[in-house]
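Numbering (the working numbering), first residue to last: 1 to 413.
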Ligand code: HEM
C-alpha cells in the first residue's frame, strides 16, 4: 500500500486506500505540510490534460474562493462539453449573481425555518420504521430525509414520484459503473423535464419549479433547458452533501457516547455543534476553478486554462486556522470553516442544509438517546469523487414507540 507521502505526490481521491477516511486526512496533512499547492494527474469533474493543482491550505483556498476574476467557475473546455445548460455553479458574476438573485429569496432563513415541522415529521417517520425493534440503520435516515424534504417541499415534485427520484439520484451519484450512473442521470433528467413541462400552464404553486419557470435574467425568461438543468443541479448539490454530512455526524456521535450524551445534556451548544460537525465531517473534498488570467498566489504562478481544485475538507483540517484541527470540539468557538464554501458561490442551500442536519440529529438524540454503532466493522463508508459519507450505519438502542404525526392533520384537529 502506498505511503501517505506517495499518495501526496499525486492525489487521486478515487483511490481505494481512501475508503479509510483517517488515512485520507493523513495524506492531506502531508500535502499541507509540503507546499501550498499539491497536484493530481486525475482530476475529477474537470478532465483537464496535464491534471490539476490542488489547494489544500485554508488561507489559499479562501483566497481562491474570493478571487473569481482570476479563478473562474467556468469549466475547462473538456468539462464544458458535458454540461446540459447554463448552471449557477459554473457561471461567473455578473450572470451568476443574477441567478442568485432569483434563487436566494427562496432559500432565505425565514422561508427554510417555516419548514421545521415538516422536516421533523419526515425525520420521525423514517425513525418510526425501526424504533420499535431496538436495531436499525441510521444511514437510511441520513440518506432519505434530505431527499424527501427536497423533492416534496422545495422542488415541488409530485409526492408519488419522490421515492423514484431519490432512487434515481442515488444511482446517478453512486451507481456501480459509469454507464449505470449515466442511465440514472438520463432517467432523472427525463423525470424532472416531464414534471417541469406539466407545470408550464398549471396554476402557480410557489415552489422551486415555479421560481425557475418565472425567473427573468437580463430581461429574458430562462430557457426551458436551463430550468431543468438548474433543478438537476439543486438535486445534485443538495442531497448527497447533506446526507454525507449527517451520516458522518451519526457515526461520530454513535462512536463517542460521551459526546452524544453531552449534546443531549447541553442542547444550547447545538448551533456550534452543527458547524463543527460539518467542518470535521468534510462532506465535500473538492470543486474546481479554471485560471482565467495569469496570477500569482503564495509564490505559485498560475497560467490561463489551468485547473485548480479547492479542497474544502483539507482546508477545514488546517491547524493554522483551527487549533487542534483533527479533533471534533462540539462547542468550538471561532469556526470560519469552508464547509459551505466562501465568496460568490457560497452554498445557496446552507440554511436548508443546516436545518435538515440539526433536526436529523435532534430527533435521533431525542428518540434513540442511548444509540451506539452496533459494530464498526459492519458500517459501510463510501466516497465518490466529490462527497464522502456512510452508506450503512447499523445501530443498537433501547426500543421506543412510533410517534410521527402529520403536522397538517395536527393543525386541523
Ligand atoms: C451539508 C450540506 C451541504 C454542503 C456541505 C454544501 C457545500 C457547498 C459548497 C462547498 C459550495 C460551493 C461550491 C463552489 O465553491 O463552487 C456549495 C454551493 C452550492 N450549494 Fe451547497 N452544500 C450543502 C447543501 C446544499 C443544499 C441543501 C442545497 C440546495 C438544495 C445546495 C445547493 C447549492 C448550490 C445551488 C450551490 C452553487 C451556488 C453558486 O454557484 O452560486 N447545497 N455548496
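All C-beta atoms in this analysis are idealised placements derived from N, C-alpha and C, irrespective of residue type, glycine included. Just so it is clear, the structure is predicted and the values come from calculations on it, not from any experiment.
So does residue i have its beta carbon nearer than 7 Å to some heavy atom of the ligand HEM?
{"i": "residue 241", "result": "yes"}
{"i": "residue 72", "result": "no"}
{"i": "residue 100", "result": "yes"}
{"i": "residue 339", "result": "yes"}
{"i": "residue 300", "result": "no"}
{"i": "residue 312", "result": "yes"}
{"i": "residue 307", "result": "no"}
{"i": "residue 108", "result": "no"}
{"i": "residue 249", "result": "no"}
{"i": "residue 127", "result": "no"}
{"i": "residue 234", "result": "yes"}
{"i": "residue 96", "result": "yes"}
{"i": "residue 352", "result": "yes"}
{"i": "residue 162", "result": "no"}
{"i": "residue 359", "result": "no"}
{"i": "residue 414", "result": "Outside the shown range of the chain, which is 1 to 413, sits residue 414, and nothing can be said about it."}
{"i": "residue 345", "result": "yes"}
{"i": "residue 390", "result": "no"}
{"i": "residue 154", "result": "yes"}
{"i": "residue 214", "result": "no"}
{"i": "residue 88", "result": "yes"}
{"i": "residue 349", "result": "yes"}
{"i": "residue 315", "result": "no"}
{"i": "residue 283", "result": "yes"}
{"i": "residue 245", "result": "yes"}
{"i": "residue 65", "result": "yes"}
{"i": "residue 269", "result": "no"}
Do residue j and residue i come within 8 Å of each other at the CB atom, strictly closer than that value?
{"i": "residue 336", "j": "residue 127", "result": "no"}
{"i": "residue 298", "j": "residue 36", "result": "yes"}
{"i": "residue 87", "j": "residue 155", "result": "no"}
{"i": "residue 138", "j": "residue 393", "result": "yes"}
{"i": "residue 360", "j": "residue 123", "result": "yes"}
{"i": "residue 19", "j": "residue 286", "result": "no"}
{"i": "residue 30", "j": "residue 215", "result": "no"}
{"i": "residue 353", "j": "residue 242", "result": "yes"}
{"i": "residue 363", "j": "residue 34", "result": "no"}
{"i": "residue 150", "j": "residue 245", "result": "no"}
{"i": "residue 70", "j": "residue 292", "result": "yes"}
{"i": "residue 50", "j": "residue 248", "result": "no"}
{"i": "residue 135", "j": "residue 403", "result": "no"}
{"i": "residue 344", "j": "residue 93", "result": "yes"}
{"i": "residue 116", "j": "residue 257", "result": "no"}
{"i": "residue 269", "j": "residue 331", "result": "yes"}
Here's the rule I'm using: 16 or more other beta-carbon atoms within 10 Å means buried, otherwise exposed. How should residue i be labelled?
{"i": "residue 144", "result": "buried"}
{"i": "residue 226", "result": "buried"}
{"i": "residue 1", "result": "exposed"}
{"i": "residue 157", "result": "buried"}
{"i": "residue 250", "result": "buried"}
{"i": "residue 342", "result": "buried"}
{"i": "residue 339", "result": "buried"}
{"i": "residue 413", "result": "Any reading at residue 413 must be qualified, since the residue scores a pLDDT of 46, below 50, and its modelled position is unreliable; no value is offered."}
{"i": "residue 57", "result": "buried"}
{"i": "residue 316", "result": "buried"}
{"i": "residue 313", "result": "buried"}
{"i": "residue 283", "result": "buried"}
{"i": "residue 327", "result": "exposed"}
{"i": "residue 95", "result": "exposed"}
{"i": "residue 294", "result": "exposed"}
{"i": "residue 238", "result": "buried"}
{"i": "residue 230", "result": "buried"}
{"i": "residue 318", "result": "buried"}
{"i": "residue 132", "result": "exposed"}
{"i": "residue 321", "result": "buried"}
Can you tell me the Cβ-Cβ gap for residue i and residue j, rounded? I've got them flagged as a contact below 8 Å.
{"i": "residue 61", "j": "residue 55", "result": "5 Å"}
{"i": "residue 263", "j": "residue 365", "result": "6 Å"}
{"i": "residue 172", "j": "residue 188", "result": "6 Å"}
{"i": "residue 437", "j": "residue 240", "result": "Outside the shown range of the chain (1 to 413) lies residue 437, about which nothing can therefore be said."}
{"i": "residue 218", "j": "residue 191", "result": "Going by Cβ atoms, the distance from residue 218 to residue 191 rounds to 29 Å, so no, they are not a contact pair."}
{"i": "residue 211", "j": "residue 106", "result": "5 Å"}
Excluding sequence positions up to five away, which residues of its chain have a Cβ less than 8 Å from the Cβ of residue i?
{"i": "residue 108", "result": "351"}
{"i": "residue 296", "result": "302"}
{"i": "residue 406", "result": "121"}
{"i": "residue 193", "result": "228"}
{"i": "residue 23", "result": "4, 17"}
{"i": "residue 66", "result": "342, 343"}
{"i": "residue 255", "result": "372, 373, 376"}
Who are the near neighbours of residue i in its chain, counting only those whose CB is closer than 6 Å to its CB and skipping five residues on each side?
{"i": "residue 76", "result": "46, 48, 290, 307"}
{"i": "residue 427", "result": "Residue 427 falls outside the range modelled here, since the chain spans only 1 to 413, and no answer is possible."}
Taking 7 Å as the cut-off, is the C-beta of residue i nearer than that to any heavy atom in the ligand NAD?
{"i": "residue 237", "result": "Within the structure as shown, the ligand NAD is missing, the only ligands being the ligand HEM."}
Got a sec? Which residues, its chain only, sit under 7 Å from residue i by beta carbon, not counting five neighbours each side?
{"i": "residue 370", "result": "397, 398"}
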